[in-house]
Structures are given as C-alpha cells and as structure tokens.
Amino acid sequence: TRVAVCGRPRKPLAGASDRNMAGRERIAGGTPAARGAWPWMAALYQLRGRPSCGGSLVGERWIVTAAHCLFTRHFENQPTPVSASGIHIKLGEHCVPEHTAVANYVVHPEFDAQTLRNDIAVLELERNVRVTDLIAPVCLPDDRVQTLTTPGTMLAVTGWGKEFLSKYPETLMQVSETVV
Numbered sequence: 001t002r003v004a005v006c007g008r009p010r011k012p013l014a015g016a017s018d019r020n021m022a023g024r025e026r027i028a029g030g031t032p033a034a035r036g037a038w039p040w041m042a043a044l045y046q047l048r049g050r051p052s053c054g055g056s057l058v059g060e061r062w063i064v065t066a067a068h069c070l071f072t073r074h075f076e077n078q079p080t081p082v083s084a085s086g087i088h089i090k091l092g093e094h095c096v097p098e099h100t101a102v103a104n105y106v107v108h109p110e111f112d113a114q115t116l117r118n119d120i121a122v123l124e125l126e127r128n129v130r131v132t133d134l135i136a137p138v139c140l141p142d143d144r145v146q147t148l149t150t151p152g153t154m155l156a157v158t159g160w161g162k163e164f165l166s167k168y169p170e171t172l173m174q175v176s177e178t179v180v
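Following full-length UniProt numbering, the numbering of the sequence shown begins with 1 at its first residue and continues without gaps.
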C-alpha cells in the first residue's frame, strides 16, 4: 500500500473514467474504486437500505457530508430534517465494513435547501472508529496548498451515485474530473 499524500488516493486511478462531465449537476458512472484507495470515504444509509450519500471521515468520530443529505422532501417539497438516529454510517466499503450510528449532526446555519448554498454538515458518530489501513481519516490541507484547486488539475470524485438505468452501485465508484 502506498503512503497517502494529502488529497490523493493511496492507489492510482487505474481504469478511472476521464470523460468530461462539465455542465452536469451530478457525477454518475465511473469505475469501481480499488480496495483501500479511499479509506476516508463513508456511506450514509437511511431506511432505504442503499447509500443515500457519501461523506469523508475527518477524525475518529467525525464525518463531513453535504447538508442536503440530512433532509427528506415530502409532497409539499419542503425539506424535513432526518433524525440523527435514522442515519447509519458504513466505512471500509471493500472489506468487512464497520457500521456505526450517528449521535448528532450540525448543518451550516446558512444552508439553503433551495439553492444548496452552504451545503455542508458535520456528523458526530456514536463512537470512535477503529483506524486501519482500510479505514482512516482524510488529511485536510492547510491554506497554503493551492495545487488541488488550480484550473486544469485532475481530481477524483468518489461516491455511490446513481448509475444509468436508475441503479445504485453497491461498490464505491470513482471518476476523474478536471478543475475548471
């Protein structure tokens, strides 16, 4: 296993799709991620039994995700917060996964469900996760790191987004994208 470099996978993006997705609202498709390539990726599950969103493990007890993942929409199209007890986390997608429950979460105070402005939330897990080669927090670069946001830089997008024909993958997927 390669040593992780901040913001880069432990394994190369072999087979990752390089197709241009500019202008699309969602990333779909890609290729299955290699075992242990993204040890910080977390799958958020609600009652539907499939990952509803992804998140990043940023500490032994903390996950960052999109705020819209913590709301449901009913017929009147008004977002309703999901109970923390209704969210479960799975880490280590390619091994015997570790499951844990969410104790609490905080949504950005200026999150706007209509425009998705400030679409960020922090989840507190019920317990610390056991850090291994396959489950580990992502390193967060300091403010001096600019190479990850320079236009033209290739980045990877990972998740469990809906595949074509409305099917959700069971495996963590990855796709390469260019910063614009």
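Glycine residues also receive a C-beta, built at the ideal position from the N, C-alpha and C atoms.
{"Item": "D133 versus D119: straight-line alpha-carbon distance, rounded", "Value": "30 Å"}
{"Item": "contact_flag[the stretch 96-107, the stretch 122-136] where n(CB pairs < 8 Å) is 3 or more", "Value": "yes"}
{"Item": "Residues bridged to I89 (per DSSP)", "Value": "L44, T100"}
{"Item": "Top-ranked residue by Cα proximity to A66, from G30, S176, W160, L116", "Value": "L116"}
{"Item": "Beta carbon of Q114 nearer than 8 Å to that of V82", "Value": "no"}
{"Item": "Per-residue burial, V175 [other beta carbons within 10 Å of its own, 16 or more giving buried]", "Value": "buried"}
{"Item": "V180 beta carbon less than 8 Å from that of V122", "Value": "no"}
{"Item": "Counted within 10 angstroms of its Cβ, other Cβ atoms place R19 as buried (16 or more) or exposed", "Value": "At R19 the pLDDT is 38, less than 50, meaning the model places this residue with poor confidence; the figure from the coordinates comes in the next sentence. By the neighbour-count rule (16 or more Cβ atoms within 10 Å), R19 is not buried but exposed."}
{"Item": "Cβ neighbour criterion (16 or more within 10 Å) applied to T158", "Value": "buried"}
{"Item": "DSSP state of C69 mapped onto helix, strand, coil", "Value": "helix"}
{"Item": "Endpoints, beta strand (DSSP E) assigned at C53", "Value": "51-59"}
{"Item": "Beta-carbon contacts of E177 that lie in its chain and below 6 Å, excluding the five residues immediately before and after", "Value": "L155, V157"}
{"Item": "T149 - DSSP class collapsed to helix/strand/coil", "Value": "helix"}
{"Item": "Exposure of G55, with buried meaning 16 or more beta-carbon neighbours within 10 Å", "Value": "buried"}
{"Item": "Of the listed residues G92, W40, H108, V106, nearest to E170 (C-alpha basis)", "Value": "G92"}
{"Item": "Cβ-Cβ distance between residue 183 and W40 below 8 Å", "Value": "Residue 183 is absent from the model: the chain starts at 1 and stops at 180."}
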